[in-house]
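Enquirer: Sharing a structure with you now.
2 protein chains.
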Amino acid sequence: MTQVASTPERQIPAGTSVRDDDSAVVNVDALSQALLGKWGDVRLQARALAATEALHTPAGLPYTEHRERVMTQMKILADSKAVHRAFPAYVGGEDNHGGNVAGFDELVVADPSLQIKAGVQWGLFGGAVMHLGTREHHEKWLPGIMSLEIPGCFAMTETGHGSDVASIATTAEYDAGTEEFIINTPFRAAWKDYIGNAAVHGRAAVVFAHLITAGIDHGVHAFYVDLRNDNGFLPGIGGEDDGVKGGLNGIDNGRLHFTNVRIPRTNLLNRYGDVAADGTYTSPIESPGRRFFTMIGTLVQGRVSLDGAAVAASKLALKTAIQYGTERRQFNGASDITEEVLMDYQQHQRRLLPRLATTYAAAFAHEELLQKFDDVFSGAHDTDEDRQDLETLAAGLKSLSTWHALDTLQEAREATGGAGFLAENRLTALRADLDIYVTFEGDNTVLLQLVAKRLLADYAKEFVGADFGVLARYAVGQATDRTMHRTGLRQIVQAFADTGSEKKSAIALRDPRTQRDLLTDRVGTMVAEVAGALREARRLPKDKGAAVFNNNQHDLIEAARAHSELLQWEAFTRALEQIEDDGTRQVMTWVRDLFGLCLIEKNLSWYLMHGRLSSQRARTLGPYINRLLAKIRPHALDLVDAFGYGPEHLRASVASGAEKVRQDEAMEYQRLMRASGASPVDEKILIQRKKQAAKAKR
Amino acid sequence: MTQVASTPERQIPAGTSVRDDDSAVVNVDALSQALLGKWGDVRLQARALAATEALHTPAGLPYTEHRERVMTQMKILADSKAVHRAFPAYVGGEDNHGGNVAGFDELVVADPSLQIKAGVQWGLFGGAVMHLGTREHHEKWLPGIMSLEIPGCFAMTETGHGSDVASIATTAEYDAGTEEFIINTPFRAAWKDYIGNAAVHGRAAVVFAHLITAGIDHGVHAFYVDLRNDNGFLPGIGGEDDGVKGGLNGIDNGRLHFTNVRIPRTNLLNRYGDVAADGTYTSPIESPGRRFFTMIGTLVQGRVSLDGAAVAASKLALKTAIQYGTERRQFNGASDITEEVLMDYQQHQRRLLPRLATTYAAAFAHEELLQKFDDVFSGAHDTDEDRQDLETLAAGLKSLSTWHALDTLQEAREATGGAGFLAENRLTALRADLDIYVTFEGDNTVLLQLVAKRLLADYAKEFVGADFGVLARYAVGQATDRTMHRTGLRQIVQAFADTGSEKKSAIALRDPRTQRDLLTDRVGTMVAEVAGALREARRLPKDKGAAVFNNNQHDLIEAARAHSELLQWEAFTRALEQIEDDGTRQVMTWVRDLFGLCLIEKNLSWYLMHGRLSSQRARTLGPYINRLLAKIRPHALDLVDAFGYGPEHLRASVASGAEKVRQDEAMEYQRLMRASGASPVDEKILIQRKKQAAKAKR
């Protein structure tokens with residue numbers, strides 16, 4: 001690759017090699033260790049398990065067989081105690097929430113169907129009994145759930161309502177006469193839908209329903225309901241198979257309906273709300289709204305897990321595509337001794353390296369999320385605010401990382417061409433399976449709106465009563481992160497106005513403070529702008545106010561996205577500070593810069609329109625990114641090797657080195673042909689010779 | 001939806017309703033007719049055929065069964081003469097090239113596997129015999145190919161080389177002693193790969209190989225080779241099954257290898273190059289390079305077809321998602337009598353309506369491509385330049401439309417939530433099948449580079465010898481479209497400098513001349529900039545020159561993309577001029593504006609950095625787009641109905657109206673509950689009442 005110092009081209013800012021050590025080398029083992037994080041041992045155990053053939057599924061298995069195969073694999077997970085870490089010690093668990101999710105993350109490497117079926121059984125079904133039930137429930141049901149004696153369902157979503165849990169229509173009405181709840185799904189839209197384990201395997205379910213007693217609807221609560229015995233559904237219960245899906249066909253999703261199904265009063269998972277024998281409702285949380293959000297909040301683990309799974313899948317995709325990209329030669333017919341491989345092409349770098357940088361950012365952010373999650377659920381830091389922070393963080397990061405995984409898997413597929421389309425390289429199946437991750441456990445678009453609402457609320461708290469005109473001129477540190485210093489817009493503009501040359505401008509762009517300031521400023525300004533628009537809405541009648549809100553929905557979502565991207569950038573930067581090896585830190589700094597600058601490039605029009613960057617400065621950004629790509633290129637393989645996935649995890653023939661073997665064989669054949677004089681002469685060369693001969697005659 | 005005139009909000013430019021008729025109504029039938037285009041009758045026939053159940057495939061069929069089912073369906077296509085239109089009349093065809101592709105486009109509606117298997121058999125295999133062979137070959141093989149008596153392969157791609165056909169390694173060496181060619185795939189990378197019909201059904205193949213005679217390699221030619229009889233592969237031939245793929249599992253893709261396989265001399269498809277019995281090579285095209293491109297050029301039909309198929313699939317996706325979006329209610333728990341459905345949300349409009357606009361643009365552009373294709377292949381307009389134009393157009397449009405189809409199918413999947421993930425709604429299967437469209441018949445990234453090379457060549461032709469400094473200040477009309485007027489950058493900047501108000505700015509943005517100028521200017525400037533950078537490269541040694549080219553690869557590809565998007569915009573604008581109904585033209589003008597302005601928004605940073613739009617002007621763009629979305633929203637259903645696909649084509653339960661039935665049932669239930677007084681009281685309301693009562697006491 002060209003080096004800046006030796007080719008001072010117009011589009012490459014000069015002088016950037018002053019501080020950079022172009023001979024930097026990545027310490028792959030150390031970087032690998034850094035990525036493993038706090039629960040590295042659990043991750044390694046889980047990866048070893050995920051590498052065993054019994055947990056893999058051959059491509060093309062009919063879905064009915066895939067379902068049974070995954071059910072068998074579930075038993076292996078249960079028997080190897082790979083999925084019990086979160087449960088209370090008094091039922092045989094370890095009370096280890098962070099480690100549990102770290103291990104779960106890695107199951108995607110075996111088969112996403114197995115991961116999600118495990119998530120349904122032990123994360124959602126078991127998790128609901130654990131978090132929403134009390135000790136009696138735990139001792140009664142958790143052992144059977146953990147051993148898989150009771151395969152179960154998490155029956156929350158309805159055909160009519162997915163992400164909007166408060167609006168579900170299933171009812172559980174208390175009958176004091178028999179001390180029972182009567183469960184009903186009163187119309188078709190109220191049927192539970194897309195429920196894992198519902199079509200075939202589920203013996204029981206945690207059913208979410210409006211708790212009604214003494215004529216009062218106390219909102220959504222969770223109930224333990226037996227579904228099936230050996231002869232099929234119990235009386236009053238029915239269902240349908242959701243059939244084949246776009247992916248995750250190892251899971252038997254289905255629909256469930258309930259008609260006057262009676263369950264004992266004590267089957268109410270009563271941690272946050274209980275009904276006495278006489279029908280009296282009590283709850284430790286007075287406000288029905290807060291009670292609802294507390295109950296729902298215990299389910300955040302699903303989002304945390306999906307975030308981790310998405311990161312793991314992105315790593316698999318990039319290791320596969322980048323390995324192939326360093327072996328595959330293309331369009332080298334004219335000079336078949338050239339060393340150029342796909343990864344040497346600028347466009348190939350543009351396609352894969354920014355996604356590699358984002359994957360690192362998402363990985364470091366996931367590790368922070370995991371620690372926050374563990375802090376809350378272990379009780380170490382478990383205030384209301386901690387829980388809110390966790391929910392906001394999980395919602396934002398899960399949205400970004402699951403979309404990123406789909407994007408990365410697709411780009412890896414395209415970057416490996418026709419080979420990428422073959423099941424033997426796994427990219428298409430992983431993408432098909434992960435597709436649903438972007439809308440389940442909360443539709444990403446809805447989740448980003450939750451993040452945005454939090455940003456607005458924090459904004460309002462800090463500037464209550466202040467004049468909007470003043471507010472709009474300040475970035476809102478509160479809205480982004482408490483640990484961050486406030487940044488007036490004025491300051492940033494100033495920083496750029498001060499730099500008089502392209503060189504200084506490029507140095508400014510790679511300065512982490514500049515990146516942070518630009519990213520922070522954008523979040524703050526966007527939130528302030530939307531908040532200003534919404535202030536007017538409060539004075540309007542309800543329907544017109546809703547219209548104003550709707551007119552700002554897109555900007556609101558973009559603000560939430562920008563906020564979550566900033567959090568990823570900060571996690572990356574904090575992780576960078578922990579790297580002790582100089583070479584590794586140097587290369588990873590380029591990767592972090594690539595991540596940050598690609599974010600700025602993506603939203604460059606915003607920075608220009610808002611006067612944060614001048615046109616002249618902005619024009620140095622693209623070339624500087626291209627320069628970074630060339631700097632990172634020699635380290636690409638190290639950077640994906642540090643992910644720590646071997647052939648037993650990748651199971652992709654294009655990542656196996658087979659391409660290099662083929663290339664070597666072809667070159668050796670051509671060398672021998674030339675050496676033996678058996679090669680035919682190319683007609684084109686013959687014509688050239690004739691022309692030259694004719695010219696010589698004249 | 002809010003109307004501009006009545007809610008003059010800060011972000012909506014005032015006064016834009018002056019010329020607009022907000023009461024415009026779409027004439028769905030007329031628009032439908034316009035979309036059907038020149039070969040509308042063929043399209044309708046093909047759609048009727050595609051609607052028959054025998055041509056559908058139930059989800060979840062094991063791939064081996066899917067393959068056999070599609071083979072049976074192929075026989076139905078052959079028997080119904082649905083796929084013979086392009087073949088010469090003297091073998092029972094119609095010499096109708098445009099109509100043939102129009103009919104082929106619609107097969108994707110039945111099953112993409114069927115479409116592509118038909119494409120392999122009649123488009124590629126049969127097409128190669130037709131275009132590269134001569135009448136003797138036609139009469140000998142085409143009848144069997146047309147009737148499916150000879151299922152065949154198009155054996156061009158090798159494991160080692162896909163899009164780079166000139167570099168394939170298979171050889172066909174002439175043996176004058178026996179008057180035979182000897183076919184060899186000399187090493188593993190030379191095996192033919194991803195070949196449809198190769199794994200199971202292929203009885204013969206057109207094999208692409210370097211023709212070698214008398215020690216000279218005359219470049220890649222096509223040979224007709226028998227592959228199998230009832231007992232399997234013929235001597236010297238072997239292969240492998242490519243196995244399960246990410247999609248298109250109704251096709252038996254596989255690998256083929258040849259070891260000293262002898263075929264008669266007359267099996268060379270000899271239209272563009274022949275070998276006499278004594279081994280003498282002759283060709284009507286002297287230049288080997290031009291000969292190669294002429295032969296390869298006959299295969300452009302594949303790209304034209306994929307463009308049409310991608311458009312059809314995008315239409316299915318949008319009809320499905322928008323139908324559902326007009327029925328589905330969400331987050332309406334607080335006010336369950338509200339009329340709001342998903343499509344009323346700004347973000348939902350942002351997700352679906354720009355893609356709807358792009359689909360219209362792609363559809364009109366495809367129709368123009370089809371007519372160009374027919375002009376060339378019917379011989380009506382068949383100059384070298386016509387062929388080059390056709391190839392450039394096909395490469396650019398196929399790239400845009402196939403990526404667009406994947407993007408649209410995914411967005412439709414997400415916009416229909418969990419339902420979209422079920423096979424019963426077809427979105428995931430269509431996406432999985434169409435995935436490979438973006439890299440086959442030419443990898444899109446490679447195709448855009450072909451487009452870019454053409455732009456550079458045209459640019460060089462026009463400005464040969466001119467000073468670069470002068471060139472860079474002009475847009476290059478030549479590089480975009482001959483029919484377009486030249487636009488100096490100065491003019492455009494001026495146009496915006498002249499408008500003194502937001503109102504005028506918004507009017508300027510929706511003026512088609514402004515859109516055209518901005519889009520044209522960008523293409524021209526980008527081409528000129530890259531050309532300038534590459535001029536330097538010509539003076540450098542070969543390896544350094546290659547490095548300069550590589551440093552500009554990304555910009556080059558972006559220029560090609562911008563060029564192809566402009567062609568779509570122009571096709572849309574020309575189609576608009578043909579619409580006679582006022583209401584339809586009004587609404588379609590909004591849709592065209594949405595397409596054009598979203599392109600400008602996507603590249604807004606470019607326009608700002610290059611001084612084509614001021615920051616202030618640029619800031620009106622987003623709000624104006626939001627305003628357009630709200631204007632188009634009431635017509636969304638009409639616009640997708642005009643695509644002309646009924647339930648028999650969609651076969652998606654979410655597009656069936658089932659959602660509305662469920663919503664109505666739920667509302668009726670709630671109405672009855674309220675009426676009967678059986679509804680429980682919401683605890684929240686109870687608390688409110690208590691508070692009010694307490695307040696009243698005080």
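Heads up: the protein sequence lines correspond to chains B and S, in order. Here the first sequence stands for residues 1 to 698, numbered as in UniProt numbering. Here the second sequence stands for residues 1 to 698, numbered as in UniProt numbering. Don't be surprised by glycine CBs; every beta carbon is placed ideally from N, CA and C. Note that the structure is a prediction, hence the values are computed from the model and not measured.
#1: In chain B, what lies closer than 9 Å to L353 (chain S) by C-beta?
#2: For the alpha helix (DSSP H) containing residue 718 (chain S), name the first residue and the last one.
#3: Give me, in chain order, the residues of the same chain whose beta-carbon lies closer than 6 Å to that of N260 (chain B); leave out the 5 immediate sequence neighbours on both sides.
#4: Unbroken alpha helix (DSSP H) runs of length 4 or more, entirely within the segment 638 to 684 of chain S: which are they?
#5: Against chain S, with Cβ distances strictly below 8 Å, would N229 (chain B) count as a contact?
#6: Entirely within the UniProt domain "Acyl-CoA oxidase/dehydrogenase middle" (153 to 261) of chain S and at least 3 residues each: give me those beta strand (DSSP E) ranges in chain order.
#7: Are there 16 or more other CB atoms within 10 angstroms of the CB of S163 (chain S), so buried, or fewer, so exposed?
#8: Comparing the C-beta of G130 (chain B) with each C-beta of chain S, is any distance below 8 Å?
#9: Measure the Cβ-Cβ separation of S399 (chain S) and A362 (chain S) and say whether it is below 8 Å.
#10: Under 7 Å Cβ to Cβ from N96 (chain B), same chain only, skipping five residues before and after it: list those, please.
#11: Flag this pair as touching only if the segment 285 to 305 of chain B and the segment 123 to 135 of chain B have three or more C-beta atom pairs under 8 Å; answer yes or no.
#12: In the segment 69 to 99 of chain S, which residues sit with their C-beta less than 7 Å from some C-beta in chain B, listed in chain order?
#13: Under 8 Å, Cβ to Cβ, is there at least one residue of chain S near D242 (chain B)?
#14: Give me, in chain order, the residues of the same chain whose beta-carbon lies closer than 8 Å to that of A618 (chain B); leave out the 5 immediate sequence neighbours on both sides.
#15: So, is the C-beta of T294 (chain S) closer than 8 Å to a C-beta in chain B?
#16: Can you name, in chain order, every residue of its own chain whose Cβ lies under 6 Å from the Cβ of T408 (chain B), other than the five neighbours on each side?
#17: Considering only residues of the same chain and omitting the five flanking positions on each side of Y174 (chain B), which have a CB-CB separation below 6 Å?
#18: How far does the alpha helix (DSSP H) with Q515 (chain S) in it reach, from first residue to last?
#19: Measuring only between beta-carbons, confirm whether I492 (chain B) sits less than 8 Å from chain S.
#20: Which residues in the same chain as G219 (chain S) place their Cβ atom closer than 6 Å to its Cβ, once the five residues preceding and following it in sequence are excluded?
#21: Compute every distance between the C-beta of V244 (chain S) and the non-hydrogen atoms of the ligand HEM, then say whether any falls below 7 Å.
#22: Of all Cβ atoms in chain B, is any one closer than 8 Å to the Cβ of D169 (chain S)?
#23: Quick one: what does DSSP say V275 (chain B) is sitting in, helix, strand or coil?
#24: Looking only at its own chain, which residues have a Cβ that is under 6 Å from the Cβ of G420 (chain S), when we skip the five neighbours before and after it?
#25: Does F421 (chain B) have its Cβ less than 8 Å from a Cβ in chain S?
#26: Which residue's Cα is closest to the Cα of Y63 (chain B): B:C598, B:Q553, B:G243?
#27: For the alpha helix (DSSP H) that contains P58 (chain B), what are its first and last residues?
#28: To the nearest angstrom, how far is it from the Cα of P88 (chain B) to the Cα of H138 (chain B)?
#29: What's the C-alpha gap between I150 (chain S) and D79 (chain S)?
#30: Given this structure, state the Cα-to-Cα distance separating G545 (chain B) from A537 (chain B), to the nearest angstrom.
#31: Does DSSP classify T282 (chain B) as helix, strand or coil?
#32: Taking only three categories from DSSP, how would you classify P151 (chain S)?
#33: For G93 (chain S), which three-state DSSP category applies?
#34: Quick check: what's the CA-CA separation for D521 (chain B) versus M295 (chain B)?
#35: Taking Cβ-Cβ distances shorter than 8 Å, what residues in chain S pair up with H218 (chain B)?
#36: Are any of the Cβ atoms in chain S nearer than 8 Å to that of S605 (chain B)?
Expert: The structure says:
#1: Here the premise fails: no neighbours, minimum Cβ distance about 12 Å.
#2: Residue 718 (chain S) lies beyond the range of chain S shown here (1 to 698); nothing can be said about it.
#3: The beta carbon of N260 (chain B) lies closer than 6 Å to those of I182, G236 in the same chain, with the five residues before and after it left out.
#4: 647 to 650, 658 to 676
#5: N229 (chain B) is outside the set of residues whose beta carbon lies under 8 Å from a beta carbon in chain S.
#6: 171 to 175, 180 to 184, 192 to 195, 204 to 213, 216 to 226, 237 to 241, 254 to 258
#7: buried
#8: It is Met, not Gly, that sits at residue 130 (chain B) in the sequence shown. Not closer than 8 Å to any Cβ of chain S, the Cβ of M130 (chain B) fails to qualify, so no.
#9: no
#10: Excluding positions up to five away in sequence, the list reads R85, A86.
#11: Flag = yes, the segment 285 to 305 of chain B and the segment 123 to 135 of chain B touch.
#12: none
#13: By this cut-off, D242 (chain B) is an interface position.
#14: L604, Y607, L608
#15: no
#16: S314, A317, R355
#17: F181, T213, V275, G279
#18: Residues 512 to 538.
#19: Because the pLDDT at I492 (chain B) is just 39, under 50, the model does not fix this residue reliably, and the point stays unresolved.
#20: Short of 6 Å from the beta carbon of G219 (chain S), and not among the five residues preceding or following it, lie these beta carbons of its own chain, in chain order: P288, F292.
#21: This structure lacks the ligand HEM, and indeed carries no ligand of any kind.
#22: Contrary to the premise, residue 169 (chain S) reads as Ala rather than Asp in this sequence. Closer than 8 Å: yes.
#23: strand
#24: R413, L427
#25: yes
#26: B:G243
#27: According to the DSSP assignment, P58 (chain B) belongs to no alpha helix (DSSP H), since it is labelled neither H nor E.
#28: For the pair P88 (chain B) and H138 (chain B), the Cα-to-Cα distance works out to about 8 Å.
#29: Rounded to the nearest angstrom, the two C-alpha atoms are 14 Å apart.
#30: 4 Å
#31: strand
#32: coil
#33: coil
#34: 35 Å
#35: E683
#36: yes
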